[in-house]
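Scroll down for the structure; my scribbles are underneath it.
In full-length UniProt numbering, the protein residues as written are 1 to 187.
Right, here's the structure in full:
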C-alpha cells in the first residue's frame with residue numbers, strides 16, 4: 001500500500017503505509033531495465049559493482065575507489081582481500097552466499113557502518129560488490145541507505161534502480177523488509 005505526497009521542491013514521493021510484500025518488491029525490481037555497467041554510482045561516492053571491476057585494480061583506480069566492501073568474500077572468483085588491494089584501498093569482506101537461506105541481515109549494520117564511516121572521510125569513494133552486483137552487494141547498499149539515510153525500503157530500491165538494475169534474492173528481500181519494519185517502528 002502506497003500513498004503519495006509532494007516534497008518541498010515539487011517532486012512526487014511515496015509515503016509507505018505498509019511495507020510491501022516480497023512479491024511486490026520482486027515485481028518492482030523486475031520492472032526496471034535489466035542491463036547495466038560493471039559498476040554504477042548509486043549514491044554520491046557509493047558504487048555497486050561486480051567482481052569484474054572489483055578484481056581490476058586499474059578500473060578501481062580510474063573510479064577513484066578508496067574503500068572496497070566485498071559481499072562475496074572468500075567465494076569463488078572473488079580475489080578480494082587486504083593483500084590483493086594492498087595500500088590502494090581499504091578492504092572489508094562479508095562472506096555471504098547468494099542464497100535465499102543465507103542470513104545477510106547479520107551484516108546489515110556493520111556493512112552500513114563501514115560504508116558510512118568511509119564516506120565521511122575526505123575524498124573517499126566506496127564500491128560494494130559481489131559476483132554480479134545485483135543481489136548481495138545491492139542488499140548491503142540498500143541497508144546502508146535505510147540505516148544511515150532513513151530511506152524506506154521502497155525509496156531505497158527506487159534510488160538505486162535510478163542508476164543500476166538490482167534484484168536481491170527472495171531471502172534478502174525478506175530480510176530487508178524486516179529491517180524496514182524495524183526501522184520504521186523506531187521512527
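Built from N, CA and C at the ideal position, the CB exists for glycine as well. These figures come from a predicted structure and were not determined experimentally.
Check                                                                                                     : Outcome
Cβ-Cβ distance between residue 153 and residue 176 below 7 Å                                              : yes
Distance, residue 128 Cα to residue 37 Cα                                                                 : 14 Å
Short Cβ contact (7 Å threshold) for residue 189 with residue 53                                          : As displayed, the chain neither begins before 1 nor continues past 187, which places residue 189 out of reach and without an answer.
Residue 39 - containing beta strand (DSSP E), residue span                                                : 39-43
The region 20-35 contacting the region 165-175, beta-carbon criterion three pairs below 8 Å               : yes
Cβ distance (whole Å) where residue 188 is taken to contact residue 119 below 8 Å                         : Because the chain spans 1 through 187 in this model, residue 188 falls outside it and cannot be assessed.
Neighbourhood of residue 174 by C-beta, 7 Å cutoff - its chain only, sequence neighbours within 5 removed : 22
Distance, residue 91 Cα to residue 25 Cα                                                                  : 31 Å
Secondary structure of residue 89, DSSP reduced to three states                                           : coil
Residues near residue 130 in its chain [Cβ-Cβ closer than 6 Å; skip 5 each side]                          : 71, 72, 136, 137
Contact set for residue 134: own chain, Cβ-Cβ below 7 Å, skip 5 residues either direction                 : 165, 166, 167
Coarse secondary structure for residue 68, derived from DSSP in three states                              : strand
Buried/exposed call for residue 181, threshold 16 Cβ in 10 Å                                              : exposed
Beta-ladder partner(s) of residue 129, from DSSP                                                          : 49, 70
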